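Worksheet for the structure shown next.
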Amino acid sequence: MSDKPKKIALEDRANAGQRQFSPSVARNRDPIRDVFLKFMPDAGKILEIGGGTGEHGVHLAAALPNVRWLTGDPDAASRASIAAWIAETCLANLAKPHAIDVTTGEWGVEKEAPFDGLVSINMIHIAPFEAAQGLFTGAGRLLRAGGKLFLYGPFSRRGIHTAPSNEAFDASLKSRDPRWGVRDLEQEIVPLAQKNALMLEHTVEMPANNFSVVFRKT
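Sequential numbering of the sequence shown, starting at 0, is according to numbering that gives the first Met the number 0.
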């Protein structure tokens, strides 16, 4: 496709050199970590899609020393921030970031497969729906049997927004790009999962009307 999806910042971010600091990550990284540690593998290889600033990756990798953490983002500035965070934290289980466009058939990490887990945080609502389709296709292709896919972000449920603020956020996203928007868990995302041999396993309500959602590869 000609229009490549890329991670878009919807907030003002501070910088220290190439390291970016996300206010939303500062608020949600601990609740995300707690759910992640409860449901995701604590050893093996995990691939993060849409690594953004890199803060979620280093936070989760620090809590999972027995996991080899790989990450990717299509945006060069985001990859530079991820690399800078890796250098700053000196975590031995973090690998350098990859330029991953989930809408392509090859992600450049196939030699590392199969993965025990994939994770994508706040990505699928700020990208065309083709990005969600590509994410699930890749998860079906690269996860081992029993591997987990972890998503975090806003979702509507069975065609209904979970809060007025999410409905307003959805309208705001679509005003920026009509291909963006809050995705419906049951009507859009679960069918994608089923097409790619992934079963919905856990749905956890999170602060600020978000959800953590875990799928398992059958």
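All C-beta atoms, glycine included, are put in the ideal place defined by N, C-alpha and C. Small disclaimer: the values here were computed from a predicted structure and weren't measured.
Go through its chain and collect everything with a Cβ distance to isoleucine 188's Cβ below 6 angstroms, but skip five positions before and after it.
Taking the first residue of the sequence shown as position 1, residue 188 is located at position 189. Closer than 6 angstroms at Cβ, skipping near neighbours: Arg182.
Rounded to the nearest angstrom, what separates tryptophan 68 and isoleucine 45 at their Cα positions?
Translated into the one-based positions of the sequence shown, residue 68 becomes position 69. Translated into the one-based positions of the sequence shown, residue 45 becomes position 46. Within the model, the alpha-carbon separation for tryptophan 68 versus isoleucine 45 is close to 5 angstroms.
Based on Cα-Cα distance, which residue from Glu204, Glu47, Gly53 and Pro127 lies nearest to threonine 161?
As a first step, residue 161 is located in the sequence shown; it is residue number 162 there, counting from the start. Distance check between threonine 161 and each of Glu204, Glu47, Gly53 and Pro127 places Glu204 closest, using alpha-carbon atoms only.
State the beta-bridge partners of aspartate 183 as determined by DSSP.
Numbered from its first residue, the sequence shown carries residue 183 at position 184. DSSP, once it has assigned bridges, lists Ser155 as partnering aspartate 183.
Below 7 angstroms between beta carbons: does that hold for glutamine 17 and alanine 79?
The count along the sequence shown starts at 1 and reaches residue 17 at position 18. The count along the sequence shown starts at 1 and reaches residue 79 at position 80. In contact: glutamine 17 and alanine 79 (Cβ atoms closer than 7 angstroms).
Rounded to the nearest angstrom, how far is the Cβ of glycine 158 from that of glutamine 186, given a contact under 8 angstroms?
The sequence position of residue 158 within the sequence shown is 159, counting from 1. The sequence position of residue 186 within the sequence shown is 187, counting from 1. The distance from the Cβ of glycine 158 to that of glutamine 186 is about 6 angstroms, consistent with a contact at the 8 angstroms cut-off.
Hey, would you say serine 119 sits closer than 7 angstroms to isoleucine 31, going by beta carbons?
As a first step, residue 119 is located in the sequence shown; it is residue number 120 there, counting from the start. As a first step, residue 31 is located in the sequence shown; it is residue number 32 there, counting from the start. Remark: C-beta atoms of serine 119 and isoleucine 31 do not approach each other more closely than 7 angstroms.
Do you know offhand how far arginine 28's Cα is from lysine 194's?
By 1-based counting over the sequence shown, the position of residue 28 is 29. By 1-based counting over the sequence shown, the position of residue 194 is 195. Between arginine 28 and lysine 194, the C-alpha separation is close to 30 angstroms.
Tell me which residue opens and which closes the alpha helix (DSSP H) that serine 23 is part of.
On the sequence shown, position 24 is the one that residue 23 refers to. Element bounds for serine 23: 22-38.
Once you ignore the five residues that flank glycine 178 on each side, which residues in its own chain have a CB closer than 6 angstroms to its CB?
Working through the sequence shown from its first residue, we reach residue 178 at position 179. The residue asked about is misnamed: residue 178 is arginine in this sequence, not glycine. Pro127.
What three-state label does DSSP hand histidine 58 in the structure shown?
If you number the sequence shown from 1, residue 58 lands on position 59. DSSP places histidine 58 in helix when its eight states are reduced to three.
Would you mind sorting leucine 36 into buried or exposed? The rule is 16 or more other CB atoms within 10 Å of its CB.
As a first step, residue 36 must be located in the sequence shown, where it is residue number 37. Counting the other Cβ atoms within 10 Å of the Cβ of leucine 36 gives fewer than 16, which makes it exposed.
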